[in-house]
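1 is the number of the first residue of the sequence shown in full-length UniProt numbering; add one for each residue after it. C-beta: ideal position from N, C-alpha, C; glycine also. Here the structure is a predicted model, which is why all the values come from computation and not from measurement.
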Amino acid sequence: MRHNLYAFPHKGLRHGLTSFLTSLDTTDVEDQPAMNKLKQQATELAFMIRNHSQSENEILMTSLAEKMDHSLKTDSDVKEHQQLDQKISKLSEQFSELPETPTDEQFLLIRQKANLLIPELLEHMQSEEIRFLPLFWKYYSDNELNKLHDQVMSSMNPDQIALWFKYIVPALSPSERTGLIKLLKASAPEDFFNQLMKIAERELKSVEFKRISEL
(Lines of atoms letter the chains of each structure in order from A; the text may use other names.)
(Lines give C-alpha, C1' and ligand atoms only; values in the text may rest on other atoms or scores of the structure.)
Protein backbone atom coordinates (compact mmCIF):
# COMPACT_ATOMS: atom_id res chain seq x y z
CA MET A 1 0.00 0.00 0.00
CA ARG A 2 1.24 3.49 -0.82
CA HIS A 3 2.10 6.14 1.76
CA ASN A 4 -1.09 7.36 3.45
CA LEU A 5 -0.36 10.87 4.70
CA TYR A 6 -3.47 10.83 6.89
CA ALA A 7 -3.14 7.39 8.48
CA PHE A 8 -0.98 7.98 11.55
CA PRO A 9 -2.16 11.49 12.55
CA HIS A 10 -5.80 10.54 12.11
CA LYS A 11 -5.34 7.31 14.06
CA GLY A 12 -3.73 9.29 16.86
CA LEU A 13 -6.52 11.85 16.89
CA ARG A 14 -9.25 9.20 16.79
CA HIS A 15 -7.60 7.38 19.69
CA GLY A 16 -7.26 10.57 21.72
CA LEU A 17 -10.74 11.88 21.00
CA THR A 18 -12.58 8.63 21.65
CA SER A 19 -10.64 7.83 24.82
CA PHE A 20 -11.36 11.38 26.02
CA LEU A 21 -15.06 10.85 25.37
CA THR A 22 -15.04 7.56 27.28
CA SER A 23 -13.16 9.11 30.21
CA LEU A 24 -15.71 11.92 30.41
CA ASP A 25 -18.38 9.27 30.98
CA THR A 26 -16.42 7.26 33.55
CA THR A 27 -14.74 9.94 35.69
CA ASP A 28 -16.09 11.19 39.01
CA VAL A 29 -15.83 14.95 39.48
CA GLU A 30 -14.44 14.36 42.99
CA ASP A 31 -11.47 12.41 41.57
CA GLN A 32 -9.02 15.31 41.31
CA PRO A 33 -6.10 13.43 39.67
CA ALA A 34 -8.44 12.00 37.04
CA MET A 35 -9.98 15.42 36.41
CA ASN A 36 -6.54 16.99 36.04
CA LYS A 37 -5.60 14.28 33.55
CA LEU A 38 -8.76 14.99 31.56
CA LYS A 39 -8.03 18.72 31.51
CA GLN A 40 -4.52 18.01 30.26
CA GLN A 41 -5.87 15.69 27.59
CA ALA A 42 -8.34 18.33 26.43
CA THR A 43 -5.52 20.86 26.13
CA GLU A 44 -3.33 18.41 24.23
CA LEU A 45 -6.07 17.38 21.82
CA ALA A 46 -7.00 20.99 21.12
CA PHE A 47 -3.38 21.72 20.22
CA MET A 48 -3.15 18.62 18.03
CA ILE A 49 -6.31 19.51 16.11
CA ARG A 50 -5.01 23.03 15.47
CA ASN A 51 -1.56 21.77 14.57
CA HIS A 52 -2.99 19.22 12.15
CA SER A 53 -5.23 21.84 10.54
CA GLN A 54 -2.22 24.08 10.05
CA SER A 55 -0.23 21.29 8.40
CA GLU A 56 -3.10 20.51 6.07
CA ASN A 57 -3.83 24.14 5.19
CA GLU A 58 -0.25 25.29 4.72
CA ILE A 59 1.45 22.15 3.40
CA LEU A 60 -0.78 19.34 2.18
CA MET A 61 -3.68 21.18 0.56
CA THR A 62 -1.47 23.99 -0.73
CA SER A 63 0.82 21.49 -2.41
CA LEU A 64 -2.06 19.47 -3.83
CA ALA A 65 -3.77 22.56 -5.24
CA GLU A 66 -0.54 23.59 -6.96
CA LYS A 67 -0.05 20.08 -8.30
CA MET A 68 -3.54 20.22 -9.82
CA ASP A 69 -2.94 23.67 -11.36
CA HIS A 70 -5.29 25.20 -8.80
CA SER A 71 -8.32 23.35 -10.13
CA LEU A 72 -8.81 22.05 -6.57
CA LYS A 73 -10.78 24.51 -4.45
CA THR A 74 -9.94 24.34 -0.75
CA ASP A 75 -11.47 27.54 0.66
CA SER A 76 -14.35 25.64 2.25
CA ASP A 77 -11.92 23.14 3.78
CA VAL A 78 -9.82 25.90 5.32
CA LYS A 79 -12.99 27.52 6.70
CA GLU A 80 -14.13 24.21 8.19
CA HIS A 81 -10.73 23.77 9.83
CA GLN A 82 -11.02 27.23 11.37
CA GLN A 83 -14.48 26.46 12.72
CA LEU A 84 -13.44 23.13 14.22
CA ASP A 85 -10.27 24.64 15.68
CA GLN A 86 -12.36 27.30 17.40
CA LYS A 87 -14.83 24.75 18.77
CA ILE A 88 -12.20 22.41 20.24
CA SER A 89 -10.24 25.35 21.66
CA LYS A 90 -13.38 26.73 23.31
CA LEU A 91 -14.20 23.32 24.79
CA SER A 92 -10.66 23.00 26.15
CA GLU A 93 -10.80 26.50 27.65
CA GLN A 94 -14.17 25.84 29.28
CA PHE A 95 -12.83 22.61 30.73
CA SER A 96 -9.70 24.29 32.11
CA GLU A 97 -11.86 26.99 33.72
CA LEU A 98 -13.92 24.49 35.72
CA PRO A 99 -13.50 24.80 39.48
CA GLU A 100 -11.32 22.26 41.25
CA THR A 101 -14.38 20.16 42.02
CA PRO A 102 -17.09 21.09 39.53
CA THR A 103 -20.73 20.36 40.10
CA ASP A 104 -22.33 17.47 38.28
CA GLU A 105 -24.26 20.00 36.21
CA GLN A 106 -21.08 21.83 35.13
CA PHE A 107 -19.41 18.58 34.14
CA LEU A 108 -22.53 17.41 32.32
CA LEU A 109 -22.41 20.53 30.15
CA ILE A 110 -18.82 19.73 29.14
CA ARG A 111 -19.80 16.14 28.32
CA GLN A 112 -22.73 17.28 26.22
CA LYS A 113 -20.55 19.66 24.19
CA ALA A 114 -17.91 16.96 23.68
CA ASN A 115 -20.56 14.44 22.63
CA LEU A 116 -21.60 16.81 19.85
CA LEU A 117 -18.16 18.03 18.78
CA ILE A 118 -16.13 14.83 18.69
CA PRO A 119 -18.36 13.02 16.16
CA GLU A 120 -18.09 16.15 14.02
CA LEU A 121 -14.29 15.95 14.16
CA LEU A 122 -14.30 12.24 13.35
CA GLU A 123 -16.59 12.78 10.37
CA HIS A 124 -14.37 15.61 9.12
CA MET A 125 -11.27 13.43 9.22
CA GLN A 126 -12.98 10.58 7.38
CA SER A 127 -14.29 12.91 4.68
CA GLU A 128 -10.76 14.24 4.18
CA GLU A 129 -9.41 10.76 3.62
CA ILE A 130 -12.17 9.93 1.16
CA ARG A 131 -11.76 13.16 -0.77
CA PHE A 132 -8.03 13.88 -0.76
CA LEU A 133 -6.19 10.57 -0.41
CA PRO A 134 -7.07 9.34 -3.94
CA LEU A 135 -5.82 12.68 -5.29
CA PHE A 136 -2.49 12.41 -3.49
CA TRP A 137 -2.05 8.91 -4.85
CA LYS A 138 -3.02 10.02 -8.35
CA TYR A 139 -0.82 13.10 -8.65
CA TYR A 140 2.21 12.23 -6.48
CA SER A 141 5.01 9.72 -6.81
CA ASP A 142 6.08 7.71 -3.76
CA ASN A 143 9.14 9.92 -3.41
CA GLU A 144 7.00 13.07 -3.52
CA LEU A 145 4.66 11.70 -0.86
CA ASN A 146 7.63 10.95 1.38
CA LYS A 147 8.94 14.49 0.89
CA LEU A 148 5.55 15.93 1.84
CA HIS A 149 5.55 13.82 4.99
CA ASP A 150 9.07 15.03 5.82
CA GLN A 151 7.94 18.62 5.30
CA VAL A 152 5.12 18.16 7.80
CA MET A 153 7.47 16.55 10.33
CA SER A 154 10.07 19.31 9.96
CA SER A 155 7.40 21.91 10.78
CA MET A 156 7.17 20.53 14.34
CA ASN A 157 9.61 20.74 17.23
CA PRO A 158 10.63 17.68 19.29
CA ASP A 159 8.09 18.34 22.06
CA GLN A 160 5.27 18.48 19.52
CA ILE A 161 6.45 15.29 17.84
CA ALA A 162 6.60 13.58 21.25
CA LEU A 163 3.03 14.66 21.99
CA TRP A 164 1.78 13.24 18.70
CA PHE A 165 3.72 10.04 19.39
CA LYS A 166 1.96 9.69 22.76
CA TYR A 167 -1.40 9.35 21.01
CA ILE A 168 -0.28 7.64 17.82
CA VAL A 169 1.74 4.74 19.23
CA PRO A 170 -1.16 3.04 21.09
CA ALA A 171 -3.46 3.59 18.09
CA LEU A 172 -1.37 1.58 15.62
CA SER A 173 -1.62 -2.04 14.61
CA PRO A 174 1.28 -4.24 15.80
CA SER A 175 2.87 -4.24 12.34
CA GLU A 176 2.52 -0.46 11.98
CA ARG A 177 4.01 0.06 15.44
CA THR A 178 6.94 -2.22 14.67
CA GLY A 179 7.63 -0.36 11.44
CA LEU A 180 7.49 3.02 13.15
CA ILE A 181 9.83 2.01 15.96
CA LYS A 182 12.34 0.52 13.51
CA LEU A 183 12.28 3.73 11.48
CA LEU A 184 12.73 5.92 14.55
CA LYS A 185 15.51 3.74 15.90
CA ALA A 186 17.37 4.08 12.62
CA SER A 187 16.81 7.80 12.07
CA ALA A 188 16.11 9.68 15.32
CA PRO A 189 18.84 10.96 17.66
CA GLU A 190 19.46 8.41 20.41
CA ASP A 191 18.35 10.69 23.26
CA PHE A 192 15.10 11.53 21.48
CA PHE A 193 14.47 7.91 20.59
CA ASN A 194 14.93 6.93 24.24
CA GLN A 195 12.46 9.67 25.23
CA LEU A 196 9.90 8.28 22.79
CA MET A 197 10.40 4.76 24.11
CA LYS A 198 9.67 5.96 27.65
CA ILE A 199 6.44 7.46 26.35
CA ALA A 200 5.61 4.19 24.62
CA GLU A 201 6.21 2.27 27.85
CA ARG A 202 3.69 4.50 29.65
CA GLU A 203 1.05 4.34 26.92
CA LEU A 204 1.21 0.69 25.82
CA LYS A 205 0.24 -2.54 27.48
CA SER A 206 3.25 -4.41 28.84
CA VAL A 207 3.07 -7.11 26.17
CA GLU A 208 2.88 -4.46 23.43
CA PHE A 209 5.86 -2.57 24.79
CA LYS A 210 7.88 -5.76 25.26
CA ARG A 211 7.42 -6.52 21.57
CA ILE A 212 8.88 -3.21 20.39
CA SER A 213 11.57 -3.00 23.07
CA GLU A 214 13.14 -6.15 21.68
CA LEU A 215 13.50 -4.79 18.13
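Within 9 Å, strictly: CB atoms of residue i and residue j
i	j	result
residue 6	residue 156	no
residue 42	residue 91	yes
residue 102	residue 35	yes
residue 13	residue 52	yes
residue 3	residue 215	no
residue 24	residue 111	yes
residue 60	residue 8	no
residue 202	residue 174	no
residue 29	residue 104	yes
residue 64	residue 139	yes
residue 197	residue 187	no
residue 117	residue 68	no
residue 107	residue 121	no
For residue i, the first and last residue of its enclosing alpha helix (DSSP H)
i	result
residue 44	32–55
residue 9	7–26
residue 197	190–203
residue 90	75–96
residue 174	174–187
residue 61	61–67
residue 213	206–213
Anticipated Cβ contact below 8 Å, residue i with residue j, distance rounded
i	j	result
residue 21	residue 171	About 15 Å separates the two Cβ atoms, so there is no contact after all.
residue 32	residue 100	7 Å
residue 147	residue 199	That pair is no contact at about 27 Å.
residue 193	residue 185	6 Å
residue 49	residue 88	5 Å
residue 38	residue 27	6 Å
residue 11	residue 168	6 Å
residue 56	residue 15	Actually they do not touch by this definition, with Cβ atoms about 19 Å apart.
Any C-beta of chain C under 9 Å from that of residue i
i	result
residue 59	The chain labelled as chain C is not found in the depicted structure, where only one protein chain is given.
Completely contained alpha helix (DSSP H) runs for the stretch 112–167, where each covers 4 or more residues:
The stretch 112–167 contains these whole alpha helix (DSSP H) runs: 142–154.
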